[in-house]
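Student: Taken in sequence, the protein lines are chains A and B.
Residues in the first sequence are numbered from 221 upward in steps of one, following my numbering.
Residues in the second sequence are numbered from 12 upward in steps of one, following my numbering.
Cβ atoms here follow ideal geometry from the backbone N, Cα and C, with glycine treated the same way.
Before anything else, here's the structure in question.
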Amino acid sequence: MRKVIKNSVLMTSILAIGLAGCSESADGGADASDITVCWAAWDPASALTELSKEFTAESGVEVNFELVPWTNFADRMLNELNSRGQLCDIMIGDSQWIGSGATYGHYVQLNEFFDAEGISMGDFLPTAVDAYSAWPKGTDNYYALPAMGDALGWVYRKDWFERPEIKEAFKAETGRELTVPTTQTELAEVAKFFQGREIDGKTVYGAAMYSERGSEGITMGVTGAMYPWGVTFEKNKGKYDLDGAVNSPAAVEALNFYKDMFKATTPPGHTNAYMVENLDAYKSGQVAMQQNWFAFFPGIVKDEAVGGDTSGFFANPGQNIEASVLGGQGMSVVAYSEKQDAALQYMKWFAKPEVQAKWWELGGYSVHNAVVQADDFAESTPFAGEFSKAMSSVQDFWQEPTYAELMQASQKRFHDFVVADKGTAQEALDQLKDDWTKILAADGKIEE
Amino acid sequence: MSNNNITKDTPGLRGLSDKSLAWLFITPTIILLLAINIFPLIWTIYLSFTDYRSNQPGREIEWVGLENYRDVLTSPDVWGYMQTTASFVISTMLIQVAIGFALAMFINKNFKGNSLLTTIILIPMMLSPAVVGTFWTYLYQPQTGVFSYIIDFFADVGPLDMIGSVDLAPWAIVIVDTWMWTPYIMLLCLAGLRSIPEYLYEAAEIDRANALQKFWYITLPRILPFLMLAVLFRGIENFKMFDMVVSLTSGGPGSITELASINLKREAFENWKTGYSSAFATILFVTVFGLGSIYVKALNKVKS
Chain A
221 MRKVIKNSVL MTSILAIGLA GCSESADGGA DASDITVCWA AWDPASALTE
271 LSKEFTAESG VEVNFELVPW TNFADRMLNE LNSRGQLCDI MIGDSQWIGS
321 GATYGHYVQL NEFFDAEGIS MGDFLPTAVD AYSAWPKGTD NYYALPAMGD
371 ALGWVYRKDW FERPEIKEAF KAETGRELTV PTTQTELAEV AKFFQGREID
421 GKTVYGAAMY SERGSEGITM GVTGAMYPWG VTFEKNKGKY DLDGAVNSPA
471 AVEALNFYKD MFKATTPPGH TNAYMVENLD AYKSGQVAMQ QNWFAFFPGI
521 VKDEAVGGDT SGFFANPGQN IEASVLGGQG MSVVAYSEKQ DAALQYMKWF
571 AKPEVQAKWW ELGGYSVHNA VVQADDFAES TPFAGEFSKA MSSVQDFWQE
621 PTYAELMQAS QKRFHDFVVA DKGTAQEALD QLKDDWTKIL AADGKIEE
Chain B
12 MSNNNITKDT PGLRGLSDKS LAWLFITPTI ILLLAINIFP LIWTIYLSFT
62 DYRSNQPGRE IEWVGLENYR DVLTSPDVWG YMQTTASFVI STMLIQVAIG
112 FALAMFINKN FKGNSLLTTI ILIPMMLSPA VVGTFWTYLY QPQTGVFSYI
162 IDFFADVGPL DMIGSVDLAP WAIVIVDTWM WTPYIMLLCL AGLRSIPEYL
212 YEAAEIDRAN ALQKFWYITL PRILPFLMLA VLFRGIENFK MFDMVVSLTS
262 GGPGSITELA SINLKREAFE NWKTGYSSAF ATILFVTVFG LGSIYVKALN
312 KVKS
């Protein structure tokens with residue numbers, strides 16, 4: 221018996237020493253050996269993985285990536301932040317998360333760090349700084365470094381647009397030349413022209429448009445029509461006076477336009493489609509045009525089937541005004557990370573102009589002035605000029621702390637009307653105004 | 012001999028009575044049950060009376076009384092989701108019971124390949140609902156899907172958009188659920204059919220009963236408790252159906268296939284309205300529990 225007790229004490233001591241050792245080694249490696257960057261699983265993340273190898277070579281800090289498919293990205297990462305998880309040291313979060321990230325203390329405020337390290341927000345595009353970094357809007361409180369600029373654009377089959385027989389048919393049908401659409405009305409006209417047309421023995425369709433229900437897809441698509449119609453969510457910015465703004469006659473017209481174009485020009489079964497489904501429809505030669513984020517365009521240029529001169533690119537066309545939808549993400553340090561020093565070291569490295577230039581070369585969308593204002597920027601890729609044009613007129617969805625709720629409301633109302641034919645555009649927007657009013661009132665922003 | 016050895020090696024158990032020993036064995040299970048089931052249930056009921064939001068942990072929790080219950084019960088959207096859920100449960104139950112029972116009658120006969128056919132029929136229910144939902148999206152694809160092709164081949168209706176059409180989407184989820192879970196009903200019915208003593212049919216033969224009379228007076232009453240049990244299990248499962256429908260339609264088009272559980276998940280983990288969604292969950296729990304209790308009473312009556 222005495223022997224058993226003796227052995228137990230010995231084993232317990234060994235276990236305790238072992239655990240203490242493990243814990244010490246974990247702490248010791250916390251700031252020096254590795255960091256984890258959380259982002260969506262897509263092409264730009266592959267580019268950043270490649271780029272980050274240079275940081276590892278310089279600093280000795282390994283950069284791990286936690287990449288989640290877009291459809292689950294917001295769910296998974298917002299859950300991580302809300303539960304104060306320590307998985308991510310750096311979060312490359314959507315622009316709309318900045319409000320909740322700052323308000324609920326998920327992100328570290330970066331002003332002191334920027335000042336100490338000589339990182340100036342004046343070195344980045346002002347629209348990007350406002351969209352990705354500042355909260356509240358219009359202030360100099362920064363919670364992110366602009367990491368990945370992005371906007372909604374369009375890709376078209378340049379080879380089809382250039383075929384004489386197609387050009388002729390288009391002119392005969394519409395009385396004008398087949399050119400890249402410059403307005404939303406022209407966009408719909410071109411898409412309708414291609415719908416159901418026989419090209420190379422195959423039936424093709426007009427356009428792949430966003431219609432996804434679960435995350436943010438259809439809202440991004442619909443706002444791609446609303447912003448060019450001059451629609452804003454508030455009558456006076458920052459006053460949350462929604463009535464007469466989000467449900468204005470212009471908003472009704474834009475929503476009806478989106479629905480008409482969606483019903484008349486998308487391929488069969490394209491009723492729950494977002495980025496990947498649009499890419500698939502386009503790359504498989506089903507559609508003449510696709511609506512998608514600029515972030516995917518480097519991949520299209522390199523694509524075997526539709527790359528090179530086969531495809532052309534244009535910014536989201538204007539209507540009453542020039543406007544596109546903001547995409548993209550800022551880079552934030554997670555407040556719950558135990559490796560904040562290493563994370564900030566990574567951010568400092570990423571902000572360097574030479575690293576930003578390399579980032580653009582690899583397929584990432586830098587918004588650093590040294591890159592986007594360089595003389596040869598517009599010619600650096602087939603879509604660079606259109607990217608600059610789009611970024612100059614981007615508008616974003618709500619960035620309020622309650623953004624997820626506001627988004628879910630618009631997803632429901634837009635999908636109900638556009639895809640499920642429920643009610644009228646006016647009814648959908650009136651209901652959306654009521655939903656948003658309730659959400660903002662519950663958050664103390666307005667009196668209901 | 013071996014019992015003596017056990018007693019020698021475990022001197023601590025020597026003085027325990029049978030009752031104490033029983034408690035010793037079931038206590039860990041009770042603790043686990045309390046921790047995993049009962050405590051969360053009580054906690055959920057408590058949260059349903061508050062304005063708690065799990066994405067704002069630092070915020071003070073306010074007691075709001077019955078406000079969340081009022082919001083849930085007066086929301087036209089929630090009633091819409093409940094109607095969708097009820098339609099889904101009722102239609103799947105009716106179709107699955109009819110097909111499952113017919114299949115069981117068929118499989119119950121002795122023929123060559125019976126075992127192989129039973130195994131093949133049972134395969135769908137062994138798959139994960141999320142996987143089933145995902146691969147049926149491909150089968151339903153209007154341009155390349157096999158389902159659409161077959162329907163078009165026989166009915167010449169062109170590409171059939173099962174998931175995107177407002178009229179067809181509710182049927183799309185019913186078809187997949189039926190494909191997946193009819194074998195389960197069949198299995199229970201088969202167990203019922205095989206438990207009917209052969210001598211009852213022999214006696215009926217002597218009384219010159221025809222096939223319909225044998226079915227009506229022997230088979231149906233004997234199998235009814237099994238059928239009702241199958242309906243109870245599947246009814247509860249389909250009332251809380253989530254994964255298969257989310258991977259198939261995400262609740263769309265619009266909210267046509269948005270079942271109550273899908274909306275509950277949106278409210279709880281996308282809108283972070285924890286108090287509201289706790290009230291919604293409690294209402295769903297009471298509904299299932301209440302309907303289940305009434306049903307079990309009816310089942311006992313049938314059995315007796």
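#1: Quick check: what's the CA-CA separation for residue 608/A versus residue 345/A?
#2: Can you tell me which of 291/A, 474/A and 525/A puts its alpha carbon nearest to the alpha carbon of residue 257/B?
#3: For the region 439-493 of chain A, which segments carrying the alpha helix (DSSP H) assignment without a break, of at least 4 residues, lie completely within its bounds, in sequence order?
#4: Candidates 454/A, 473/A, 324/A and 492/A: which alpha carbon is nearest residue 666/A's?
#5: Are any of the Cβ atoms in chain A nearer than 8 Å to that of residue 158/B?
#6: Considering only heavy atoms of the ligand COA, does any lie closer than 7 Å to the CB of residue 140/B?
#7: Under 8 Å between the Cβ atoms of residue 59/B and residue 271/B?
#8: For chain B, find out if any of its Cβ atoms is closer than 8 Å to the Cβ of residue 644/A; answer yes or no.
#9: Roughly how many angstroms separate the alpha carbons of residue 83/B and residue 187/B, rounded to a whole number?
#10: If you compare alpha carbons, which of 516/A, 261/A, 472/A and 388/A is closest to residue 449/A?
#11: Buried or exposed, going by whether 16 or more other CB atoms sit within 10 Å of the CB of residue 313/B?
#12: Express the C-alpha separation of residue 591/A and residue 78/B in angstroms, rounding to a whole number.
#13: Residues in the same chain with beta-carbon distance under 6 Å from residue 88/B, minus the five sequence neighbours each way, listed in chain order, please.
#14: Using Cβ-Cβ distances below 9 Å, what residues of the region 209-231 of chain B are close to chain A?
#15: Quick one: grab the DSSP three-state call for residue 546/A.
#16: Assuming contact is defined by CB atoms lying nearer than 8 Å, are residue 631/A and residue 436/A in contact in what I supplied?
#17: Going by beta carbon distance, what residues of the same chain come within less than 7 Å of residue 412/A, once the five residues before and after it are set aside?
#18: So with CB distances below 8 Å, who are the chain A contacts of residue 248/B?
#19: Take residue 379/A and list the residues in its own chain whose beta-carbon comes closer than 6 Å to its own, dropping the five residues that flank it on each side.
#20: When Cβ atoms are compared, which residues of the region 263-289 of chain B fall closer than 8 Å to chain A?
#21: Inspect the beta-carbon positions of residue 201/B and residue 109/B and report whether they are closer than 8 Å.
#22: Using only alpha-carbon positions, find the residue among 420/A, 617/A, 300/A and 338/A that is nearest to residue 383/A.
#23: Note the first and the last residue of the continuous alpha helix (DSSP H) segment covering residue 53/B.
#24: Report the rounded CA-to-CA distance for residue 311/B versus residue 237/B, giving the unit in angstroms.
#25: For the region 520-538 of chain A against the region 383-393 of chain A, are there 3 or more C-beta pairs whose distance is under 8 Å?
#26: With a cut-off of 8 Å, do at least 3 Cβ pairs link the region 150-162 of chain B to the region 65-77 of chain B?
#27: So residue 372/A and residue 638/A are in contact, right, with Cβ under 8 Å, and what is the actual spacing, rounded?
#28: Could you name the residues of the same chain whose beta carbon sits closer than 6 Å to that of residue 311/A, not counting the 5 residues immediately before and after it, in chain order?
#29: I want to see whether chain A comes within less than 8 Å of residue 184/B, judged by CB atoms only; does it?
#30: I believe residue 585/A touches residue 370/A by the beta-carbon criterion, under 8 Å. Please report the beta-carbon distance rounded to the nearest angstrom.
#31: Determine, using beta carbons only, whether residue 278/A and residue 569/A come nearer to each other than 8 Å.
#32: List, from N- to C-terminal side, the alpha helix (DSSP H) runs of 4 residues or more that fit wholly inside the region 349-432 of chain A.
#33: To the nearest angstrom, how far is it from the Cα of residue 350/A to the Cα of residue 356/A?
#34: Give every residue of the same chain whose Cβ lies closer than 7 Å to the Cβ of residue 287/A, excluding the five residues on either side of it in the sequence, and list them in chain order.
#35: If you run the structure through DSSP and keep just helix, strand and coil, what is residue 297/B?
#36: Determine, for residue 507/A, whether the minimum Cβ-Cβ distance to residues of chain B falls below 8 Å.
Tutor: On the basis of the supplied data:
#1: Position 388 of the first sequence, counted from the start, is the residue given in the question as residue 608/A. Position 125 of the first sequence, counted from the start, is the residue given in the question as residue 345/A. C-alpha separation (whole angstroms): 10 Å.
#2: Taking the second sequence and counting its residues from 1, one reaches residue 257/B at position 246. It is 291/A whose Cα lies nearest to the Cα of residue 257/B.
#3: 469-485
#4: Within the first sequence, residue 666/A is the residue found at index 446, counting from 1. When each option's Cα is compared against that of residue 666/A, the closest is 454/A.
#5: Walking along the second sequence from the start, residue 158/B turns up at place 147. For residue 158/B, the answer is no, since every Cβ of chain A falls outside 8 Å of its Cβ.
#6: With respect to small molecules bound, the structure shown includes none, and the ligand COA cannot be examined in it.
#7: For the purposes of this step, residue 59/B is taken as residue 48 along the second sequence, with counting starting at 1. For the purposes of this step, residue 271/B is taken as residue 260 along the second sequence, with counting starting at 1. The criterion of a C-beta distance shorter than 8 Å is not satisfied by residue 59/B and residue 271/B.
#8: Residue numbering aside, residue 644/A sits at position 424 when the first sequence is read from its first letter. No, its Cβ sits nowhere closer than 8 Å to a Cβ of chain B.
#9: One-based indexing of the second sequence puts residue 83/B at position 72. One-based indexing of the second sequence puts residue 187/B at position 176. Their Cα atoms are separated by approximately 30 Å.
#10: Reading the first sequence from its first residue, position 229 is the one you call residue 449/A. With distances taken between Cα atoms, residue 449/A lies closest to 472/A.
#11: Along the second sequence, one-based indexing puts residue 313/B at 302. Burial call: exposed.
#12: Position 67 of the second sequence, counting from 1, holds the residue named residue 78/B. Position 371 of the first sequence, counting from 1, holds the residue named residue 591/A. If I take the Cα positions, the gap works out to 54 Å.
#13: For this step, residue 88/B is matched to residue 77 along the second sequence. Closer than 6 Å at Cβ, skipping near neighbours: no residue.
#14: Within the region 209-231 of chain B, no residue qualifies.
#15: As a working note, residue 546/A is residue 326 in the first sequence. Residue 546/A: strand per DSSP, three-state reduction.
#16: Taking the first sequence and counting its residues from 1, one reaches residue 631/A at position 411. Taking the first sequence and counting its residues from 1, one reaches residue 436/A at position 216. Yes; because the gap between Cβ atoms is below 8 Å, this pair is in contact.
#17: On the first sequence, position 192 is the one that residue 412/A refers to. Excluding residues within five positions, the ones whose Cβ falls inside 7 Å are 426, 484 and 485.
#18: As a first step, residue 248/B must be located in the second sequence, where it is residue number 237. The premise fails here: residue 248/B is roughly 23 Å from chain A at the closest Cβ pair, so nothing lies under 8 Å.
#19: Taking the first residue of the first sequence as position 1, residue 379/A is located at position 159. Result list for residue 379/A: 530, in chain order.
#20: Answer in chain order: 263, 264, 265, 266, 267, 277, 280, 281, 282, 283 and 284.
#21: By one-based count along the second sequence, residue 201/B stands at place 190. By one-based count along the second sequence, residue 109/B stands at place 98. The answer is no: Cβ separation not under 8 Å.
#22: Translated into the one-based positions of the first sequence, residue 383/A becomes position 163. Taking only the C-alpha atoms, the option nearest residue 383/A is 420/A.
#23: Residue mapping note: residue 53/B aligns to position 42 of the second sequence, counting from 1. Run containing residue 53/B: 50-58, per the alpha helix (DSSP H) assignment.
#24: The residue you call residue 311/B lines up with position 300 of the second sequence. The residue you call residue 237/B lines up with position 226 of the second sequence. About 11 Å.
#25: no
#26: no
#27: Start at 1 with the first residue of the first sequence, and residue 372/A comes out as number 152. Start at 1 with the first residue of the first sequence, and residue 638/A comes out as number 418. With 8 Å as the limit, residue 372/A and residue 638/A do not qualify as a contact, their Cβ atoms being about 16 Å apart.
#28: As a first step, residue 311/A must be located in the first sequence, where it is residue number 91. Closer than 6 Å at the Cβ level, and outside the excluded window around residue 311/A, lie 258, 552 and 554.
#29: Position 173 of the second sequence, counted from the first residue, corresponds to residue 184/B. Closer than 8 Å: no.
#30: Here residue 585/A refers to the residue found at position 365 when the first sequence is read from its first residue. Here residue 370/A refers to the residue found at position 150 when the first sequence is read from its first residue. The Cβ separation is near 6 Å, so the contact holds.
#31: By 1-based counting over the first sequence, the position of residue 278/A is 58. By 1-based counting over the first sequence, the position of residue 569/A is 349. Yes, they are a contact pair.
#32: 378-381, 384-394 and 404-414
#33: Counting from one through the first sequence, the residue named residue 350/A turns up at place 130. Counting from one through the first sequence, the residue named residue 356/A turns up at place 136. The straight-line gap from Cα to Cα measures roughly 9 Å.
#34: Within the first sequence, the letter at position 67 stands for residue 287/A. Here the set comprises 259, 260, 261 and 265.
#35: Locating residue 297/B in the second sequence gives position 286, where the first residue counts as 1. Residue state, collapsed to three classes: helix.
#36: Residue mapping note: residue 507/A aligns to position 287 of the first sequence, counting from 1. Answer no: the Cβ-Cβ gap between residue 507/A and chain B never drops below 8 Å.
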